[in-house]
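In terms of my numbering, the sequence shown opens at residue -17 and continues consecutively. A virtual CB, placed ideally from N, CA and C, is assigned to each residue, including glycine. The structure appears below as structure tokens.
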Amino acid sequence: MKEQEPEASASDAKPARWQQSYYPAPLARFEAVLLVLSSLAILGFFAWILVATEPDRRGHGTHEQLGMQPCAWPILYGEPCPTCGVTTSVSWLAHGRPDMSLWTQPFGFTLGLAALLWVLLSLRSLVRGESLLFRVSQWPLLWITLGAGAIFLLGWGWVHWTWESPLR
-17 MKEQEPEASA SDAKPARWQQ SYYPAPLARF EAVLLVLSSL AILGFFAWIL VATEPDRRGH
43 GTHEQLGMQP CAWPILYGEP CPTCGVTTSV SWLAHGRPDM SLWTQPFGFT LGLAALLWVL
103 LSLRSLVRGE SLLFRVSQWP LLWITLGAGA IFLLGWGWVH WTWESPLR
């Protein structure tokens, strides 16, 4: 005779905010257009960075190849700014060198990977006909934001530690 499994009690139930939906919302046409446009923009940006830049071996300054002015922060303070090396890091990633991207600026590497991950998740969503925005709404956004902030600060610390400035 088969034993009956005990019924789950109300105390065993997870709070609603922790429950994952097993039936994702269908993909709306407007969202599909947004996913396609955002993915094309990201891929276009990476293609532009690939064609228009050669990663600066100093670890910063690649943005100058895009017609931008040199960063005033290192000129004034002799120290890197919080975003020093992000463009160079993304350029390394676009050139197929994730190792150099991570070494140059960990936050730039993370930002570039997050952008490419968005493209892959968008493609998955489009193929399956499932709402990506619905999925994102279930992510622990507070922890993702805190993690991104921590990576930003650690990246700045890393760049500061590895910085070679003529004013030091």
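>> Would the region 94 to 103 count as touching the region 23 to 35 if we require 3 or more Cβ pairs under 8 Å?
In response: yes
> When the distance is taken between beta carbons, is Gly90 closer than 8 Å to Val68?
Replying inline: In the sequence shown, the residue the question calls residue 68 occupies position 86. In the sequence shown, the residue the question calls residue 90 occupies position 108. Between Val68 and Gly90, the CB-CB gap stays under 8 Å.
>> Under 8 Å, with one C-beta from each stretch per pair, do the region 6 to 23 and the region 102 to 122 reach the 3-pair mark?
In response: With three or more CB-CB distances shorter than 8 Å, the region 6 to 23 counts as touching the region 102 to 122.
>> Less than 8 Å between the beta carbons of Leu22 and Ala34, yes or no?
In response: Along the sequence shown, one-based indexing puts residue 22 at 40. Along the sequence shown, one-based indexing puts residue 34 at 52. No; because the gap between Cβ atoms is not below 8 Å, this pair is not in contact.
> Looking at the structure shown, is Pro8 part of a helix, part of a strand, or coil, going by DSSP?
Replying inline: Translated into the one-based positions of the sequence shown, residue 8 becomes position 26. DSSP, read as helix, strand or coil, puts Pro8 in strand.
> In the structure shown, what three-state DSSP assignment does Glu112 receive?
Replying inline: Counting from 1 along the sequence shown, the entry for residue 112 is found at position 130. The answer is strand: DSSP assigns Glu112 an E or B state.
>> Could you give the first and the last residue of the continuous alpha helix (DSSP H) run that contains Trp140?
In response: By 1-based counting over the sequence shown, the position of residue 140 is 158. Counting along the chain, the alpha helix (DSSP H) containing Trp140 begins and ends at 123 to 144.
>> Going by beta-carbon coordinates alone, are Cys53 and Val141 separated by less than 8 Å?
In response: Translated into positions along the sequence shown, residue 53 becomes position 71. Translated into positions along the sequence shown, residue 141 becomes position 159. Result no, Cβ atoms of Cys53 and Val141 do not sit closer than 8 Å.
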